[in-house]
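The sequence shown begins at 1 in UniProt numbering and counts up by one. We put the CB at the ideal spot given by N, CA and C, even for glycine. Written out below as structure tokens is the structure these notes cover.
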Amino acid sequence: MLPSAKHKTTKLIMAGTMFRSLFTNSLTFYKSNTSNLRSLHTATVTYAARKGTRAKARAKKVKVEVTKVGFIPHNQRGKDKNVQSNVSKHLDDTFKPIPKDNVYPLKYYRWIVYTAEDAVKAHQQTHHPSMYNVPNALVSAQIEFNMAAAKKNRFMDSFTRLSLLPNLFPRDEERTIMAFCKGSELIKEATDAGATIAGGTDLIKKIQEGQIKLSDYDYVLAHPNILTDLVPIRGLMKRRFPNLRAGTLDNKLGELVKKFSGGVQYRVLKDEHQENYGFVEVPIGRLNMDPKLVAENLEALLKDLQSARPKRDGLFITRCLIVSPPSPEKLKIDPFVYVDKTLTKEVQDDSDDEEAVAATAEDEYDYLFKVVLIGDSGVGKSSLLSRFTRNEFNLESKSTIGVEFATRSIEVDGKTIKAQIWDTAGQERYRAITSAYYRGAVGALLVYDIAKHLSYENVERWLRELRDHADQNILIMLVGNKSDLRHLRSIPTEEAKAFAERNGLSFIETSALDSTNVEPAFQNILTEIYRIVSQKQMRDPPEGDVIRPDAEPTDVRPSHTDNNVQFTSSEPEREMRLKI
1 MLPSAKHKTT KLIMAGTMFR SLFTNSLTFY KSNTSNLRSL HTATVTYAAR
51 KGTRAKARAK KVKVEVTKVG FIPHNQRGKD KNVQSNVSKH LDDTFKPIPK
101 DNVYPLKYYR WIVYTAEDAV KAHQQTHHPS MYNVPNALVS AQIEFNMAAA
151 KKNRFMDSFT RLSLLPNLFP RDEERTIMAF CKGSELIKEA TDAGATIAGG
201 TDLIKKIQEG QIKLSDYDYV LAHPNILTDL VPIRGLMKRR FPNLRAGTLD
251 NKLGELVKKF SGGVQYRVLK DEHQENYGFV EVPIGRLNMD PKLVAENLEA
301 LLKDLQSARP KRDGLFITRC LIVSPPSPEK LKIDPFVYVD KTLTKEVQDD
351 SDDEEAVAAT AEDEYDYLFK VVLIGDSGVG KSSLLSRFTR NEFNLESKST
401 IGVEFATRSI EVDGKTIKAQ IWDTAGQERY RAITSAYYRG AVGALLVYDI
451 AKHLSYENVE RWLRELRDHA DQNILIMLVG NKSDLRHLRS IPTEEAKAFA
501 ERNGLSFIET SALDSTNVEP AFQNILTEIY RIVSQKQMRD PPEGDVIRPD
551 AEPTDVRPSH TDNNVQFTSS EPEREMRLKI
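Okay, here's the thing in structure tokens:
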């Protein structure tokens, strides 16, 4: 090829390349600008379409008022409490005729009533090998209750009980029991009665070290002689800590273990839609037992249930059926063969009108003495009061608010002395009620805690306050409480006794926990007051030989402010307010 031709070809190639590059750049520029134009157009159209729609939507909205619902327990959430059946669950078929044979519709005839023994025999026949073929089936009693309480329009709550049936029978469950007590004899007694493990401080130490777990045992029982040693593991026990209310604390440890190992535990449930209806199903034996033994168990169960009835007229147990699954048969028996339909005379007397009882009680004593309990908060004044008047002790006792009092009568030289014992809060903010608290008192127990030195240091202040506000002839006893805490003692007995002698006080050490010297403390001061009164060494009483407080028995409690105290008389119609 000639040079000129080659040169022309090169120029053409370069021109083509430049044109192609220019065309490509132009096309790219066009595409990018077109895309921007389209995006702008789309945004403009979209904005125009939605312009004002949000404002219009807000204008159309209606303001909804949200009503706050009160707290609903977790087991009631999602349930309509107002949905109640109009049909009573208490079935009364006494108006229906008695059936003449064994095959009849219950819709038109009343239930046939069996004896307990006949009901068991009937179930034994239905469990014959040719039918259900379960000769050792469990026999249970289905019992219905009228849960109406003693007060009008009030109802009993569901409750749990443990009944010891006279005739034991095999059950699918095995119970493990831990028993705490001191002494080899008590430990042997608990083990022989059926306790899985029994012991004293050595058992407590193993629990603290983690060698034994409380969760491995169904029940934890204890004898009162070891109660103070259980305090270090109280946090581990929590609600299982032995106490009288739960029935897990008793002096008769062997009988207690037998009750929990062989007893039947059950829970009477109240219907959530019909509050006066309660029901329970309790196993009472096996079909391979003698029917008489099953009947004895049923009798023991019904008597235990009847003891829980409220103090009111009318039936408590309304119906009793004997069942034995898998048979669907329910055989009715008459529970009142074993228990009374109505309240016994003793219970009726207890449930009489309170005013009538109080009026009768006024004539049942010869002397009425007011005795006050004073001392720092937490020294155990309320526990002493509870132990003396009701023989009870509560480990979870809280500080007293205001003033409380209780009464108890004792016999001295053939005379009935009614002690009206007043207990007050030990906090400084309740000092405004002192004049009313001490008024009419003829005796005082000045209480301190032997394990708290500060409570003993404040004894002088309490004694000075008592003598400033009370009668000059008042008898005073110094009481060192919580003597069971010997290992924590901070006040020697001799020191407290010397203080009492210097100030003309009598002295005693007590323990409300194990009831040591509680009875003698109150008996001694009441007897001494009686001796003085009978010898006319105190001023003459206002009515005969009965020493009464200057005012009617009152319940004194603080109002919202510490300076305003309301005194309410025991008579409902008498009420007065005092400004102190």
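Subject >> Through-space distance from T191 to S490, alpha-carbon basis >> reply: 38 Å
**OP:** Quick one: grab the DSSP three-state call for R467.
**Re:** helix
Original post:
Of all the options L162, N153, V379, V113, which has the alpha carbon lying nearest to the alpha carbon of I284?
Top reply: L162
Original post:
Of all the options P73, K497, L138, L256, which has the alpha carbon lying nearest to the alpha carbon of P328?
Top reply: Nearest option by C-alpha distance: L138.
**OP:** Please classify T9: is it buried, with 16 or more other beta-carbons within 10 angstroms of its beta-carbon, or exposed?
**Re:** exposed
**OP:** Compute the distance between the beta-carbons of L478 and A500, then report whether it is under 8 Å.
**Re:** Going by C-beta atoms, L478 is nearer than 8 Å to A500.
Subject >> Proximity of Y448 and V379 at Cβ, strictly below 8 Å >> reply: Their beta carbons are under 8 Å apart, which means Y448 touches V379 by this criterion.
Subject >> Nearest-angstrom beta carbon gap, N481 and L384 [assumed within contact, 8 Å] >> reply: 7 Å
Subject >> CB contact flag (A148, N276, <8 Å) >> reply: Result yes, Cβ atoms of A148 and N276 sit closer than 8 Å.
Subject >> Best match in F316, F388, A195 for proximity to L445 [C-alpha to C-alpha] >> reply: By alpha-carbon distance to L445, the top candidate from F316, F388, A195 is F388.
**OP:** Would you identify the three-state DSSP class for E571, choosing helix, strand or coil?
**Re:** Confidence is the limiting factor: at E571 the pLDDT is only 32, short of 50, which leaves the residue's position unreliable and the question unanswerable from this model.
**OP:** With a cut-off of 8 Å on the beta carbons, I'd call L287 and N136 a contact; round off their distance for me.
**Re:** 6 Å
Original post:
For V372, which three-state DSSP category applies?
Top reply: strand
Original post:
Cα separation between F316 and L301?
Top reply: 14 Å
Original post:
In whole angstroms, what is the alpha-carbon distance linking G414 and Y367?
Top reply: 12 Å
**OP:** Go ahead and pull the three-state DSSP assignment for D313.
**Re:** For D313, the three-state secondary structure derived from DSSP is coil.
Subject >> Close-in-space but distant-in-sequence residues of the same chain around V113 (CB under 8 Å, 5 per side omitted) >> reply: Excluding residues up to 5 positions away in sequence, K332, I333, D334 lie with their Cβ nearer than 8 Å to the Cβ of V113 in the same chain.
Subject >> DSSP state of P558 mapped onto helix, strand, coil >> reply: Note that P558 has pLDDT 33, beneath the 50 cutoff, so the model's placement of it is unreliable and the number below is only indicative. Reduced to three states, the DSSP call for P558 is strand.
Original post:
Quick one: what does DSSP say Q274 is sitting in, helix, strand or coil?
Top reply: coil
Original post:
Would a C-beta distance cut-off of 8 Å place V371 and Y437 closer than the cut-off?
Top reply: no
Original post:
Is S506 helix, strand or coil when you go by DSSP?
Top reply: strand
Original post:
Residues in its own chain within less than 7 Å of N297 by CB, not counting five upstream and five downstream?
Top reply: Cβ neighbours of N297 beyond the five flanking positions: L165, P166, N167, I284, G285.
Original post:
What three-state label does DSSP hand F260 in the structure shown?
Top reply: Three-state result, F260: helix.
Original post:
Can you find at least 3 beta carbon pairs, one from the region 222-238 and one from the region 166-185, that sit closer than 8 Å?
Top reply: The region 222-238 vs the region 166-185: in contact.
**OP:** Return the CA-CA distance between T94 and N133, expressed in angstroms with no decimal places.
**Re:** 35 Å
Original post:
In the DSSP assignment, what residue or residues form a beta bridge with residue 625?
Top reply: The shown model of the chain, from 1 to 580, leaves out residue 625, and the question about it has no answer.
Subject >> Local Cβ density within 10 Å of V375, reported as buried at 16 or more and exposed below that >> reply: Note that residue 375 is Gly in the sequence shown here, rather than Val. Buried, since its Cβ has 16 or more Cβ neighbours within 10 Å.
Subject >> For I13, the three-state DSSP class (helix, strand or coil) >> reply: helix
Original post:
Relative to the C-alpha of R439, which residue among D514, I474, E174 is closest?
Top reply: I474
Subject >> 8 Å CB neighbourhood of V412 in its chain, flanking five on each side removed >> reply: L526, T527, Y530
**OP:** Have a look at A512 and L305 and give me their C-alpha separation to the nearest angstrom.
**Re:** 32 Å
Original post:
Beta carbon of I233, beta carbon of I212: below 8 Å?
Top reply: For I233 and I212, no; Cβs fall outside 8 Å.
**OP:** Return the residue from the list L91, S483, A116 that minimises the CA-CA distance to E299.
**Re:** A116
Subject >> Selection from R240, Y338, C320, S386 that minimises the alpha carbon distance to S515 >> reply: S386
Original post:
When the distance is taken between beta carbons, is T248 closer than 8 Å to Y219?
Top reply: yes
Original post:
Exposed or buried, what is D202 when buried is set at 16 or more other beta-carbons lying within 10 Å of its beta-carbon?
Top reply: exposed
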